[in-house]
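To convert, count from 1 in the sequence shown and add 415; that's this note's numbering.
No residue lacks a Cβ here, since even glycine has one placed at the ideal position from N, Cα and C.
Structure record follows, encoded as structure tokens.
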Amino acid sequence: MKFHKVVIGTHPKFKDASKIAEQIAHLLIRKGLEVEVGIFSNLKIGDQDFLIALGGDGTMLRAGHLCAPSEIPILGINLGKFGFPTEIDRSEWKEALQLLLKGEYWLEKRMMLNVTQWRLGKKIGQWEALNDAVISRGRIVRPIHLETHVDGRFLSTYVADGIILSTPTGSTAYALAAGGPILPPELRNILLVPLAPHLSIERAIVLAEGAVVSIETHTDHEAVLSIDGQSPLNLRRDDRIEVRSGEHIVRFIRFEDPGYFYRNLTPHMNRNPSIGKNND
Numbered sequence: 416m417k418f419h420k421v422v423i424g425t426h427p428k429f430k431d432a433s434k435i436a437e438q439i440a441h442l443l444i445r446k447g448l449e450v451e452v453g454i455f456s457n458l459k460i461g462d463q464d465f466l467i468a469l470g471g472d473g474t475m476l477r478a479g480h481l482c483a484p485s486e487i488p489i490l491g492i493n494l495g496k497f498g499f500p501t502e503i504d505r506s507e508w509k510e511a512l513q514l515l516l517k518g519e520y521w522l523e524k525r526m527m528l529n530v531t532q533w534r535l536g537k538k539i540g541q542w543e544a545l546n547d548a549v550i551s552r553g554r555i556v557r558p559i560h561l562e563t564h565v566d567g568r569f570l571s572t573y574v575a576d577g578i579i580l581s582t583p584t585g586s587t588a589y590a591l592a593a594g595g596p597i598l599p600p601e602l603r604n605i606l607l608v609p610l611a612p613h614l615s616i617e618r619a620i621v622l623a624e625g626a627v628v629s630i631e632t633h634t635d636h637e638a639v640l641s642i643d644g645q646s647p648l649n650l651r652r653d654d655r656i657e658v659r660s661g662e663h664i665v666r667f668i669r670f671e672d673p674g675y676f677y678r679n680l681t682p683h684m685n686r687n688p689s690i691g692k693n694n695d
């Protein structure tokens, strides 16, 4: 495939992102490509051949939300501390671009979640998530009751701090910290992980592909919904959250063979991003 138009997205949090973006743009322009550079909040996505995302894991989430509807592949260059969704380090972008322009790459397809909020039988909100949707208690330290159905069949009423509904991509994020299993990235299964359950099902559950989860919130105090770690949305008693596989797919550009995910698990798990050894 011959590329013509590229967009480079940066996050203002990363001080050297704009400098690296300029270097990348200069190289691609010399190769005859049309290049647009900007921060993610200002980017217009639609007819580009691919997007280069410079940043950390949160930047990759933003890139996924932007590019999935237009089926634009994403090349992630990690400037952050962890980098589970990214393959390329800041020192490797020149070699990666050479391979990409020669067509020596493959596309890894990752599912998204479709999350819908219902109140009194009316749809009041709908979102997509690349990592997860989290239903949890708010500021009051009391568990909430979450009546959970899978494909219309009652599963359990969780008495817990909350529930994580995760994609395989999100299985290495909050769901992992909560004790959930790691899923291969190209699966299309929803992972259900309870948070601090009390006298409820304690184990995470990997649901069958195509499953639909419905959760009703039964609580007299605050409960919230958060999509991919964004600002929480308040839930009322008897609100229902429905989660299923999303219509859109995020496409990541990869250069290593598909076994890269397993090879990188141990190095990733041995890096604690809070220690500060790997600076932004």
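Anticipated Cβ contact below 8 Å, residue i with residue j, distance rounded
{"i": "LEU553", "j": "ALA638", "result": "One point to set straight first is that residue 553 is Gly, not Leu, in the sequence displayed. Between ALA638 and GLY553 the Cβ distance is about 6 Å, and since that is below 8 Å, they are a contact."}
{"i": "LEU514", "j": "ASP547", "result": "Not a contact, Cβ separation roughly 31 Å."}
{"i": "ILE454", "j": "PRO427", "result": "6 Å"}
{"i": "THR582", "j": "LEU622", "result": "With 8 Å as the limit, THR582 and LEU622 do not qualify as a contact, their Cβ atoms being about 11 Å apart."}
{"i": "VAL574", "j": "LEU512", "result": "About 52 Å separates the two Cβ atoms, so there is no contact after all."}
{"i": "PHE429", "j": "LEU476", "result": "Actually they do not touch by this definition, with Cβ atoms about 15 Å apart."}
{"i": "ILE656", "j": "VAL530", "result": "7 Å"}
{"i": "GLU439", "j": "ILE467", "result": "First, the residue type needs correcting, since residue 439 is Ile and not Glu in the sequence shown. Indeed they touch by this definition, with Cβ atoms about 6 Å apart."}
{"i": "ILE460", "j": "SER485", "result": "6 Å"}
{"i": "MET416", "j": "GLY567", "result": "Not confirmed; about 43 Å, so no contact."}
Cβ pair residue i, residue j closer than 8 Å
{"i": "LEU602", "j": "ALA590", "result": "no"}
{"i": "LEU528", "j": "VAL658", "result": "yes"}
{"i": "GLY479", "j": "LEU458", "result": "no"}
{"i": "PHE670", "j": "THR587", "result": "no"}
{"i": "PRO558", "j": "ASP576", "result": "yes"}
{"i": "LEU535", "j": "THR632", "result": "no"}
{"i": "SER660", "j": "VAL549", "result": "no"}
{"i": "GLY472", "j": "HIS419", "result": "First, the amino acid is wrong: residue 472 is Asp here, not Gly. Not closer than 8 Å, so no."}
{"i": "ARG505", "j": "ILE620", "result": "no"}
{"i": "GLN532", "j": "ASP654", "result": "yes"}
{"i": "LEU442", "j": "VAL421", "result": "no"}
{"i": "ILE503", "j": "HIS636", "result": "no"}
{"i": "ILE616", "j": "SER571", "result": "yes"}
{"i": "LEU648", "j": "GLY540", "result": "yes"}
{"i": "ILE597", "j": "LEU680", "result": "yes"}
{"i": "ARG618", "j": "THR634", "result": "no"}
Beta-bridge pairing of residue i - partner residues as DSSP gives them
{"i": "ASN493", "result": "GLY470, ASP504"}
{"i": "MET526", "result": "ILE664"}
{"i": "THR425", "result": "ILE454, LEU469"}
{"i": "LYS538", "result": "TRP533"}
{"i": "ARG651", "result": "Per DSSP, none; premise fails for ARG651."}
{"i": "ARG445", "result": "Answer is none; ARG445 lacks a bridge partner."}
{"i": "CYS640", "result": "Rather than Cys, the amino acid found at residue 640 in this sequence is Leu. In DSSP, LEU640 forms a bridge with ILE550, LEU648."}
{"i": "LYS420", "result": "GLU449"}
{"i": "GLU657", "result": "THR531, SER629"}
{"i": "ARG669", "result": "TRP521"}
Open item on the list: Does the contact criterion of 3 or more C-beta pairs under 8 Å hold for the segment 519-527 versus the segment 659-668?
Closed with: Segments in contact, yes.
Task: Complete alpha helix (DSSP H) runs within the segment 544-631 (minimum length 4 residues, chain order) - done: As far as the segment 544-631 is concerned, its whole alpha helix (DSSP H) runs of at least 4 residues are 589-592.
Task: Inter-stretch contact at 8 Å, needing at least 3 Cβ pairs: the segment 478-496 / the segment 622-632 - done: No, because fewer than three Cβ pairs between the segment 478-496 and the segment 622-632 fall closer than 8 Å, the two stretches do not touch.
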